[in-house]
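Under my numbering, the first residue of the sequence shown carries the number 2, and numbering increases by one thereafter.
Below: one structure, written as structure tokens.
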Amino acid sequence: MSKFRLKWLSLGAGVSFIPALAQAATENLRSDDYVGISFWLISMALVASTAFFFLETQRVAGKWKTSLTVSGLVTLVAAVHYFYMRDVWVATGATPTVYRYIDWLITVPLLMVEFYLILAAVTKVPGGVFWRLMIGTMVMLIGGYAGEAGYAGAWPGFIVGMLGWAYILYEIFAGQASKINAAESPESVQSAFKLMRWIVTIGWAIYPIGYFVGYLMGQDPANSSAALNVIYNLADVLNKIAFGVIIWTVATSETDRAAAK
Ligand SMILES: *C/C=C(C)/C=C/C=C(C)/C=C/C1=C(C)CCCC1(C)C
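Pasting the structure below:
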């Protein structure tokens with residue numbers, strides 16, 4: 002992507018935030034609303050990360066640009082959803098489930114694409130890898146949404162969601178994606194791939210824990226909504242921002258290494 006197009010893209014993203022900001026100003030954030038404060042802090046961190054990832058695409062070698070652009074798209078889509086979620090929370094104190102899942106429906110597939118992209122940057126990868134990761138993602142999210150929004154019981158939704166996640170873990174630890182990585186990637190890609198799959202294991206485990214605390218520990222979900230939202234919010238910092246930083250680290254170090262040769 003050219004420098005100019007990138008600048009326009011970032012400017013457009015900035016301008017589109019303005020209505021959401023103006024809207025937020027009508028309800029004031031209370032100084033003791035820690036969940037609301039976490040929504041605010043993280044929405045700003047997501048905006049800053051978006052600018053960072055987009056600008057840094059100019060610094061890395063061509064084959065890494067797509068991965069970094071996708072990282073920026075993840076944080077951009079999440080930032081916009083955080084503005085809306087923040088408003089719902091500050092105004093009503095209720096869990097913004099629909100916004101949360103629309104965000105996940107877009108950002109989780111993009112994160113899954115990153116596994117495909119970092120392998121595809123260094124070798125040939127069959128499309129089946131991509132589709133299996135997408136199927137796992139959809140099963141996980143549809144199960145979770147059905148459970149949280151009340152279309153299914155909290156337990157059945159949880160179990161279906163866990164199965165989808167297990168399928169993703171299988172693909173990246175023992176399936177074809179993992180085998181391609183082990184056999185064909187240079188060392189830096191291998192270590193990034195390994196770090197990324199631990200994030201998908203440990204970082205992503207925080208979401209089912211949030212779901213468990215929010216819906217399955219026996220109390221009324223209305224009373225556990227603060228815990229649920231703080232847990233989901235912290236998980237997003239790790240899984241969207243830190244995940245992007247890992248990709249940025251491989252992309253810059255691989256670019257510098259190639260330039261030093
Ligand atoms: C940026 C957002 C991310 C990475 C969201 C990830 C969400 C999950 C890994 C959710 C997982 C869930 C289960 C494994 C069980 C059912 C409930 C879910 C949907 C919370």
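The C-beta atom is built at its ideal place from N, Cα and C for all residues, glycine as well.
In this text, all values refer to a predicted model and were calculated from it rather than measured experimentally.
Original post:
Taking DSSP as the reference, what is the three-state secondary structure of Y100?
Top reply: helix
Original post:
K262 lies in the alpha helix (DSSP H); which residues open and close that run?
Top reply: Careful: K262 lies outside any alpha helix (DSSP H) and carries neither H nor E.
Original post:
Just to confirm, does T96 get its C-beta within under 7 Å of one of the non-hydrogen atoms of ligand 1?
Top reply: Outside the cutoff, so no.
Original post:
Which residue spans inside the segment 103-164 form an unbroken alpha helix (DSSP H) run of at least 4?
Top reply: Entirely contained in the segment 103-164, the alpha helix (DSSP H) runs reaching 4 residues are, in chain order, 128-150.
Original post:
Using 8 Å as the Cβ pair cut-off and three pairs as the minimum, do the segment 163-175 and the segment 95-104 touch?
Top reply: Under the Cβ criterion (8 Å, minimum of three pairs), the segment 163-175 does not count as touching the segment 95-104.
Original post:
Cβ of M218 within 7 Å of any heavy atom in ligand 1?
Top reply: Checking the Cβ of M218 against ligand 1 gives no.
Original post:
So which of L142, K180 and A62 has the shortest CA-CA distance to I160?
Top reply: Closest by alpha carbon: L142.
Subject >> P110 and T67 closer than 8 Å at C-beta >> reply: no
Original post:
Just reading off the alpha helix (DSSP H) that M197 is part of, what are its end residues?
Top reply: Its alpha helix (DSSP H) spans residues E188 to W199.
Subject >> Status (buried if at least 16 other CB within 10 Å, exposed otherwise) for Y117 >> reply: buried
Subject >> Proximity winner among S226, A260 and S39, relative to E149 (alpha-carbon distances) >> reply: S226
Subject >> Identity of the residue in W199, G204, S50 and I232 nearest G215 by Cα >> reply: When C-alpha distances from G215 are compared across W199, G204, S50 and I232, the shortest belongs to I232.
Subject >> Of the listed residues S254, N240 and W41, nearest to S1 (C-alpha basis) >> reply: Residue coverage of the chain in this structure runs from 2 to 262, which leaves residue 1 outside it and unanswerable.
**OP:** Select from V130, K64 and G158 the residue whose C-alpha is nearest the C-alpha of N182.
**Re:** V130
**OP:** Examine ligand 1 and report whether any of its heavy atoms sits within less than 7 Å of the Cβ of N230.
**Re:** No - ligand 1 has no heavy atom lying nearer than 7 Å to the Cβ of N230.
Original post:
How is P209 classed by DSSP in three states: helix, strand or coil?
Top reply: Look at P209 here: in three-state DSSP terms it is helix.
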